Amino acid sequence: MAITIDQKKLTKQSIYNFIYYSEEPVSKPQIAEKLDLSLPTVYKNITELLEEGLIVNATIQKSTGGRPPVAYASNKDAFYVISVAVSDNRLRFYAADAWRKEICYQSVPIRSHNLEDIADQLRRRPLDHGANHVENLTQRFGKGLQHFARIQGNH
0 MAITIDQKKL TKQSIYNFIY YSEEPVSKPQ IAEKLDLSLP TVYKNITELL
50 EEGLIVNATI QKSTGGRPPV AYASNKDAFY VISVAVSDNR LRFYAADAWR
100 KEICYQSVPI RSHNLEDIAD QLRRRPLDHG ANHVENLTQR FGKGLQHFAR
150 IQGNH
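Just so we're aligned: 98 in numbering that gives the first Met the number 0 is position 99 of the sequence shown, and the numbers increase by one with no gaps anywhere.
In structure tokens:
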């Protein structure tokens, strides 16, 4: 039976999820055992995940004999979450790294419901905590964040 592209994606995703949700770095043999996968399948997917920057080599685990295994952990800089929540009277901005560590949070009162007024208000009061980091994210990841950073950066 031939393995489909969808099955390969699911296998790769399950390996990434296992590494991402592990409390400590994990080795290839641990991944293979826990997910009931062959070592060649794990090796191939680990190589791809490393090349994509989603995981990193972590601390080398203690050896149980022979060569010490290399461990892998998720890359906290692989992606960022940036959210904006809008209510009747506030805008809330939140940014976190891939490990869900807060980079910045800001709650800004809304004085008007006109979009131009809100943008003008934000230009005069940029994000306090982590604004430079958000600006760096914009430069790294491009257009997806440009509008957000432009509003907070022109003051």
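C-beta atoms are modelled at their ideal positions from N, C-alpha and C, and glycine is treated no differently. Since the model is a prediction, treat every value here as computed from it, not as a measurement.
Beta-bridge pairing of residue i - partner residues as DSSP gives them
i, result
"A97", "The partner list for A97 (beta bridge, DSSP) is empty, contrary to what the question assumes."
"Y156", "No statement about residue 156 is possible, as the shown extent of the chain runs from 0 to 154 and does not include it."
"I81", "A94"
Buried versus exposed call for residue i [16 or more other C-beta atoms within 10 Å across all chains shown]
i, result
"A118", "exposed"
"A70", "buried"
"P24", "buried"
"Y20", "exposed"
"Q6", "exposed"
"G114", "Note on residue identity: the sequence assigns Leu, not Gly, to residue 114. So L114 counts as exposed."
"N74", "buried"
"I4", "exposed"
"L53", "buried"
Limits of the alpha helix (DSSP H) - the one that residue i falls within
i, result
"A77", "Looking at the DSSP string, A77 is not in any alpha helix (DSSP H), and its letter there is neither H nor E."
"N16", "I4 to Y20"
"I45", "L38 to E50"
"R30", "The amino acid at residue 30 is misidentified as Arg; the sequence shows Ile. That run of the alpha helix (DSSP H) goes K27 to L34."
Enclosing beta strand (DSSP E) for residue i [first to last residue]
i, result
"A70", "A70 to S73"
"I54", "I54 to N56"
Sequence-distant residues of its chain with Cβ nearer than 8 Å to residue i (five each side left out)
i, result
"E22", "none"
"K11", "N44, E47 and L48"
"L38", "K27, P28 and A31"
Cβ neighbours of residue i in the same chain (closer than 7 Å, five flanking residues each side left out)
i, result
"N56", "V69 and Y71"
"D96", "K75, D76, Y79 and I102"
Taking one C-beta from the region 47-54 and one from the region 98-105 each time, how about it: are there three or more such pairs within less than 8 Å? no
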